[in-house]
Ligand code: ADP
């Protein structure tokens, strides 16, 4: 307000000064008018009387008023000096004969003619507002005109006399006053945003100019033009901004000169080349507004019909001088207001920023809370994130949010693809896996990024980054859970059945894919072993991978392998080229869009003629992971989903690990299964054998046992016959009888041996502590061996817990054989032992007998197997069989070391039995 006061006071004083000047002019006019009237009267009298008064002549000649007489045709008959001066002639005589009407500019000639007409009718004419006149040099001035008819004595009009006063200054003062008054009024009454435009319009009209520019200089020198003649001019310009700012130095020529010299200048020698594609300018006038010797503003007018003149310059100069202080005050006030508004806006911005920060923190806190909750799924987390997001934006009620990830979309109810949309990609390891979008549903003022705050850009970036991490974390966790579950299934007991079905279910559930399948080898083909989520038609059509000829026979490659078709065939056969983006180093195939893949690759690129059924069934995301065991692919894992972009390379790698686990486990299971089957078969065989054996020994026992009685009867009867008929029998008959008795004896031994053999199987007695040395000594005693045989005995024998009967059988048979198959002199039999592994004793019986060929080392232990006839060495061939069976019964073993002529050593290893607990 203070700023405005000063120019207004100044204005008022200037206004008063101007009014005073006008009053002065008018006062002098009145004086002049009286004088003129008197002169006119004198001239008329003079003319009428054809008399010339010297005094009056002098008076007319020296008058300041221009006086001209003309005949009725308008030809000048007289002009005084003042008139000659006014019209710019050197002397009045120059004007004589010139036409009076032609002394006015063309535009005023009609008026001059009109004046003549009025004069003829009324005899007198007065024009106080001035008539434009044209000087000899073409310049103009405005004259107040008063004229009357000159009549002769008869009253006939013979000429015209006119008196002219140069009222140019007065007229200009009046115009100037009016303009200044009007402009001041405009300044006082027009709002800031329109003042430049209104003032410009006014001035432009006052100066009859087609175009105009009115603006102010900013501190750094650029020129701001809130007002340029728009309707007629601006539309033709190529820069239709509301408020144009011209950088310092843009305007050259007249503009530059005028503002530099601080002078109003004009130029009529257009057309000019104005800057910035403006319309062409024919003529122009530039008036700088100077306040305290500083150019604060400028008005430029252009295209006035006929061009500008010095009067225009003087008038505009005067007008701008008057406007300058007022405008200065206005600009200053605006500047102050602008600063105040800036400070207020800054304050508001800071408050907003603070609020936004609080909202952001709130949002981020909420999100971080959700992302750390382990018991919520990623879907739930994204849903929550979407509901929290709008709260952090400036206008929560007009904000919608949407998150797209993994083929799913989570969005607020009000979300729309509005014009004002902000988005940020969700990335994992640089791969785009989704997007976060925030929209404004109503237009909002433009800020950092469209209507969004820079902070909101940062926030949406932070949020998408955080979500990427949370998703990755979740995926990793799910992968681990899936791996663990699959391993558990793979390792479960075989009784629970094949794990494939459950593995597939777990895969489908934890991965979230629509359809999963496992192909496994079956003969030469790899049909679906299990599939879930695929249509029955799909599985039926895609079951076989083998390529068949017209007759239905398998087509084979050069190595004789059946050719497997389609991408599944590629993966199983390892026909994967890792240089193609859809194959991995691990031999998998994957795509996030089968449609795109088919459109951008050929069968050649894909390495096979593909059947494209996956695509035809609408599956966009497809992955085929080999099930690997060592270098062999035993099948594949298939993951299909109709949603595109379900995979990332990292995920495929994870599934490859799972595929390898499944492959190895299945192979191992297969091997274990086969082993198990063999075991079971063996077991069956063993039990069959055992049964047969036990039946056999049962049979042997029964036979040998039952044979004993009749044998003995035969023997007895034969002996009776021998005794009773001893004298009467011929030699030959006696021989028969002896033979019968011998045969009976042999049969007896055989039966006894067989009985012993079969009895080994029959449970008999308990294990007892046995002093082995004592047992051996008893045997040696009972055998009553020839004294020729040298017996070498170990001194310290162990005490073992075992079956006495079986131990006796072992040693007895071995000692008998050692003595029997011996022709050495002296015969030697050596017995000893040494401790063996696992609480066992290895006993040995060594002889210096005939020895045994290595070829027969196994054979000799079989029943009835003998290397000699009974004539050479008597025997039944059961002895060693009894030894072996007894050792086996005692959970021991037997072996022989022998060579022909080098004696034999039989080793028997038997457990020593549990050690006796010694009572203290
Ligand atoms: P037998 O003694 O009744 O012939 P065995 O089963 O005890 O039946 O022995 C089978 C065969 O093993 C004997 O016939 C003999 O040829 C051979 N044999 C067993 N012990 C010895 C030994 N100590 N030295 C040489 N040969 C032996």
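In my numbering, the protein residues as written are 323 to 1242.
Cβ coordinates follow ideal geometry from the N, Cα and C atoms, glycine included.
Nothing here was measured: the structure is a model prediction, and the numbers come from that model.
* Asked: When you compare only the Cα positions, how much space is there between residue 1230 and residue 1163?
  -> 8 Å
* **Among 420, 513, 777, 856, nearest to residue 680 - alpha-carbon criterion** => 777
* Got a sec? Which residues, its chain only, sit under 8 Å from residue 427 by beta carbon, not counting five neighbours each side? -> 454, 455, 456, 462
* When you compare each of 473, 912, 981, 627 to residue 533 by their alpha carbons, which one comes out closest? -> 627
* Asked: Which full runs of the alpha helix (DSSP H) of 4+ residues lie inside the stretch 875-911, going along the chain?
  -> 888-895
* Asked: Does the beta carbon of residue 1107 come closer than 9 Å to any beta carbon on chain B?
  -> The structure shown contains no chain B, having only a single protein chain.
* Asked: So residue 727 packs on residue 793, CB below 8 Å; how close in whole Å?
  -> 7 Å
* **Sheet register partners of residue 955 (DSSP bridge)** => 950
* **Exposure of residue 864, with buried meaning 16 or more beta-carbon neighbours within 10 Å** => buried
* Could you name the residues of the same chain whose beta carbon sits closer than 7 Å to that of residue 1225, not counting the 5 residues immediately before and after it, in chain order? => 1168, 1169, 1170, 1171, 1173
* Please go through the same chain and pick out, in chain order, the residues whose beta-carbon is closer than 6 Å to the beta-carbon of residue 388, but skip the five residues on each side of it. => 404, 405, 408, 486
* Give the single residue among 759, 753, 701, 703 whose Cα lies nearest to the Cα of residue 715. => 759
* With hydrogens ignored, establish whether the beta-carbon of residue 1224 is closer than 8 Å to any heavy atom of the ligand ADP. => no
* **residue 1228 versus residue 997: straight-line alpha-carbon distance, rounded** => 36 Å
* Asked: Between which two residues does the alpha helix (DSSP H) containing residue 1078 stretch?
  -> 1053-1081
* To do: Determine the contact status of residue 932 and residue 949, defining contact as a CB-CB distance below 9 Å.
  => no
* To do: May I ask you to list the residues that DSSP assigns as paired with residue 707?
  => According to DSSP, residue 707 bridges with nothing at all.
* Determine the burial state of residue 610: buried for a count of at least 16 other Cβ atoms within 10 Å of its Cβ, exposed for fewer. => buried
* Asked: Taking all protein chains shown into account, do 16 or more other C-beta atoms lie within 10 angstroms of the C-beta of residue 1186, making it buried, or fewer, making it exposed?
  -> exposed
* Is the closest heavy atom of the ligand ADP to the C-beta of residue 1142 under 8 Å? -> yes
* Secondary structure of residue 1157, DSSP reduced to three states -> strand
* Asked: Opposite residue 1169 in the DSSP bridges: which residues?
  -> 1151
* Asked: For residue 1175, does the three-state DSSP call read helix, strand or coil?
  -> coil
* **Straight-line Cα distance separating residue 814 from residue 827** => 16 Å
* Asked: Between residue 418 and the rest of its own chain, which residues show a CB-CB distance below 8 Å, the 5 nearest in sequence each way excluded?
  -> 398, 399, 400, 401
* Are the stretch 864-873 and the stretch 912-927 in contact at 8 Å, needing three or more beta carbon pairs? -> no
* Inter-stretch contact at 8 Å, needing at least 3 Cβ pairs: the stretch 493-500 / the stretch 469-481 -> no
* **Same chain only: Cβ atoms within 8 Å of residue 480, ignoring 5 sequence neighbours per side** => 393, 394, 472, 473, 474
* To do: Please work out which residues of its chain come closer than 7 Å, Cβ to Cβ, to residue 553, disregarding the five sequence neighbours upstream and downstream, and give them in chain order.
  => Low confidence applies to residue 553: its pLDDT is 47, below 50, so where it sits in the model is not reliable, and the reading given next is rough at best. Around residue 553: no qualifying Cβ.
* Asked: Secondary structure at residue 1244, three-state DSSP: helix, strand or coil?
  -> Absent from the structure is residue 1244, since the part of the chain shown begins at 323 and ends at 1242.
* Taking C-alpha atoms, which residue in 885, 862, 839 lies nearest to residue 960? -> 839
* Should residue 859 be labelled buried (16 or more other beta-carbon atoms within 10 Å of its own) or exposed? -> exposed
* Cβ of residue 851 within 8 Å of any heavy atom in the ligand ADP? -> no
* Reference residue 748; option with closest CA among 708, 712, 789 -> 789
* Is the stretch 1149-1165 touching the stretch 1107-1118 in the sense that three or more CB pairs, one from each, lie closer than 8 Å? -> yes
* Asked: What span of residues does the beta strand (DSSP E) with residue 620 cover, start to end?
  -> 616-626
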